[in-house]
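Structure, as structure tokens:
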Amino acid sequence: MEQYQDIVSIIALTLGVSWASGINLYAAMLTLGVLGAGGHVDLPHGLQVLSDPLVIGAAGLMYAIEFFADKMPGVDTGWDTLHTFIRIPAGAVLAASAVGDIGPAVQLAAAIVGGSLAAGAHFSKAGSRLLINTSPEPVSNWAASVAEDAAVVGSLWLALNHPAGFVCVLALFVAAMMWLLPKLWRAIVRTFHYLNQRLNQKPYLAGRHNPADVKRLSAPQGG
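Position in the sequence shown (from 1) plus 1 gives the number in this note's numbering.
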């Protein structure tokens, strides 16, 4: 029974750290680093480097930058675009590190699954933010950003303390992600198509008169 619980704990942490990395990599690293350094959790050997003060400081600095960048419309999308090349590889590396020294095949499998999960979480976040940015008010950006940060911390806490429950919750998220991503893509395409039409619309068309109306108005009035 104890061996089964250890396996579930490793799976939950592997999936949890990769999913959280896809949403906010620096919040995930900072959370695990602080918990590990404070002795609140026993991190796997491969993740113990996150408890190093230098790593905690770097993660904290980058999280502080992302905290503000993530709440500014337009800037958040640029930040997400840049981090497409950071979050996904980092999610794969952290997932491989979470399984420890079980074996190279297990580490490679964890990296593949972790990278895919980080990619799904990242593109779900980035796509949602792109649509939110079409709204003129900034409140939705702040609300979404705070909710994402809370989800990262909450998911890691759940993975560490209730691994079986986290795996069930994550399964629901993956199902929702598979349903949501195609819809997000179609909505983004429609939005760009609409904006392209508006930008390419000739200014004079809005003030252009119907030729029949012009002829009628210019005709001499009887009586």
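Quick reminder that beta carbons are idealized off the backbone N, C-alpha and C, glycines included.
### Message
Quick test of your reading: Gly23 and Gly92, contact by CB under 8 Å. State the CB separation rounded to the nearest angstrom.
### Response
Translated into positions along the sequence shown, residue 23 becomes position 22. Translated into positions along the sequence shown, residue 92 becomes position 91. Confirmed, about 6 Å.
### Task
Let me know if Lys126 comes out buried or exposed under the rule of 16 or more other beta-carbons within 10 Å of its beta-carbon.
For this step, residue 126 is matched to residue 125 along the sequence shown. When all chains shown are included, Lys126 counts as buried.
### Query
What did DSSP end up calling Ala207 once you bin it into helix, strand or coil?
Translated into positions along the sequence shown, residue 207 becomes position 206. Note that Ala207 scores 47 on pLDDT, short of 50, meaning its location in the model is unreliable and no value can be drawn from it.
### Query
Would you call Tyr5 buried or exposed, if buried means 16 or more other Cβ atoms sit within 10 Å of its Cβ?
As a working mapping, residue 5 is identified with position 4 in the sequence shown. The residue is exposed, with fewer than 16 neighbouring Cβ atoms inside 10 Å.
### Task
Return the Cβ separation of Ala21 and Val153 in integer angstroms, given the expectation that the two are a contact with Cβ distance under 8 Å.
On the sequence shown, position 20 is the one that residue 21 refers to. On the sequence shown, position 152 is the one that residue 153 refers to. Between Val153 and Ala21 the Cβ distance is about 5 Å, and since that is below 8 Å, they are a contact.
### Delimiting residues of the alpha helix (DSSP H) encompassing Val107
Start at 1 with the first residue of the sequence shown, and residue 107 comes out as number 106. It spans Pro105 to Ile133 - the alpha helix (DSSP H) in which Val107 sits, taken as one unbroken run.
### Message
Are the CB atoms of Ile57 and Gly34 within a distance shorter than 8 Å?
### Response
As a working note, residue 34 is residue 33 in the sequence shown. As a working note, residue 57 is residue 56 in the sequence shown. Against a cut-off of 8 Å, the Cβ pair of Ile57 and Gly34 comes out as a contact.
### Task
Go ahead and label His84 buried or exposed: buried means 16 or more other beta carbons lie within 10 angstroms of its beta carbon, across all protein chains shown.
Reading the sequence shown from its first residue, position 83 is the one you call residue 84. Buried is the call here.
### Query
Touch check for the region 171 to 187 and the region 104 to 112: three-plus C-beta pairs under 8 Å?
no
### Query
Which residues bound the alpha helix (DSSP H) around Val76?
Position 75 of the sequence shown, counting from 1, holds the residue named residue 76. Val76 -> alpha helix (DSSP H) spans Val76 to Leu83.
#### Entry: contact_flag[the region 25 to 42, the region 59 to 69] where n(CB pairs < 8 Å) is 3 or more
yes
### Message
Rounding to the nearest angstrom, what Cα-Cα distance links Leu132 and Ala96 in this structure?
### Response
Mapped onto the sequence shown, residue 132 falls at position 131. Mapped onto the sequence shown, residue 96 falls at position 95. So the alpha carbons of these two residues sit roughly 30 Å apart.
#### Entry: Whether Val9 touches Ala145 by CB criterion (8 Å)
Numbered from 1 along the sequence shown, position 8 holds the residue referred to as residue 9. Numbered from 1 along the sequence shown, position 144 holds the residue referred to as residue 145. No.
### Task
Starting from Ser156, follow the alpha helix (DSSP H) in both directions and report where the run begins and ends.
Here residue 156 refers to the residue found at position 155 when the sequence shown is read from its first residue. Run containing Ser156: Val140 to Asn162, per the alpha helix (DSSP H) assignment.
### Pro45 versus Ala99, Gly128 and Phe167, residue with shortest Cα-Cα distance
Within the sequence shown, numbered from 1, the residue matching residue 45 stands at position 44. The residue with the shortest Cα to Cα distance from Pro45 is Ala99.
### Task
Could you check the C-alpha separation between Ile66 and Thr192 for me, to the nearest Å?
In the sequence shown, counting from the first residue as 1, residue 66 sits at position 65. In the sequence shown, counting from the first residue as 1, residue 192 sits at position 191. One C-alpha to the other measures close to 29 Å.
### Task
Output the distance between the C-alpha atoms of Gln49 and Val76, rounded to the nearest integer angstrom.
Counting from one through the sequence shown, the residue named residue 49 turns up at place 48. Counting from one through the sequence shown, the residue named residue 76 turns up at place 75. Going by the C-alpha atoms only, they are around 33 Å apart.
### Task
Would you give the residue range spanned by the alpha helix (DSSP H) that Leu51 belongs to?
Start at 1 with the first residue of the sequence shown, and residue 51 comes out as number 50. Careful: Leu51 lies outside any alpha helix (DSSP H) and carries neither H nor E.
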